[in-house]
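Numbers -17 to -1, 1 to 173, taken from mature numbering (1 follows the signal peptide of the UniProt record, and there is no 0), label the letters of the sequence shown in order. We put the beta carbon where it would ideally sit given N, CA and C, even for glycine. Working notes, beginning with the structure itself.
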Amino acid sequence: MHFVKFVLCCFATITSAGRFHKRQNADGSVSFELYAYGDGIGGLPVMSDGSQVFIGSLDGLNRTAGAVVTFTICQDGIWYGFPNSTSTAGNTTPIWSNLTLSIPSPSSGSDAVHLDKPSSTTVDRISDGFGFYGTVAYHLASGGAFESLWAAGELGSGRDLTAIQWNKTDSKTGTVPIILKSTPPSSGVP
């Protein structure tokens, strides 16, 4: 846990001068995609099936629901996710939209990162307090600490898709810390 926080501080310091990659929409809102970076993970786009959040290949997602997620920022650090209609798993546009990014609360038995309906009021999920330090996505905890406890399973050996998790690193199960950034990989999206 301390190692992850240390790495985040070092990485965030280096990237704080980095440019936040965003688009200004016609209504004045800001939209962006997130990309995962970590050991063996070089800028994979964040995707969803309208419920759980993943990184990897779109081919591994449900053909009618899977898409790269475009986020917009709203008040209180709430991030709304929409399917990027140009980056879908199939030939149809997913029907999910306007879902809030959420992480498990400290008392939750889950470690999965989700997209939830905005009206969802489950006590074991947190859907506010998200922001950027430079280009690095973080969560502002209730105690005021910046947290970037994103993790993912290893890819490869036939695995082309893995769920994004929160506060879970376990070398026995192959879960590794990742950093989510608004910066796409320099060589384009894989």
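- Ile61 is bridged by DSSP to nothing; it lacks a bridge partner.
- Within a 10 Å sphere around the beta-carbon of Ala128 sit fewer than 16 other beta-carbons, which makes this residue exposed.
- For the set Gly33, Ser40, Ser34 and Gln35, the Cα lying nearest the Cα of Leu27 is the one of Ser40.
- Relative to the Cα of Glu130, the nearest Cα in the group Ile147, Gly112 and Val36 belongs to Gly112.
- Closest in C-alpha terms to Ala124, from the list Leu84, Pro89, Gly23 and Gln148, comes Pro89.
- Looking from the CA of Ala19, the closest CA among Leu132, Trp79 and Leu98 belongs to Leu132.
- About 5 Å separates the Cβ atoms of Thr158 and Thr152, confirming a contact at the 8 Å cut-off.
- Excluding sequence positions up to five before and after Asp143, its CB lies within less than 6 Å of the CB of Gly39, Ser40 and Gly43, all in the same chain and listed in chain order.
- For the options Met30, Asp22, Ile147 and Pro160, the alpha carbon positioned closest to that of Ser93 is the one of Ile147.
- In this structure, the beta-carbon distance from Val51 to Asn74 does not fall below 7 Å.
- Here DSSP, grouped into helix, strand and coil, assigns Asp42 to helix.
- When DSSP states are grouped into helix, strand and coil, Asn67 belongs to the strand group.
- Straight across, the Cα-Cα distance linking Val119 with Gly21 is about 12 Å.
- Boundaries of the beta strand (DSSP E) harbouring Gly25: Ile24 to Ser31, taken from the DSSP string.
- Straight across, the Cα-Cα distance linking Phe54 with Glu16 is about 6 Å.
- Following the DSSP letters along the chain, one finds Thr53 inside the beta strand (DSSP E) bounded by residues Ala50 to Ile56.
- Between Pro77 and Ala95, the C-beta spacing is not below 7 Å.
- With respect to the C-alpha of Trp149, the residue from Ser91, Ser14, Lys164 and Ser170 having the closest C-alpha is Ser91.
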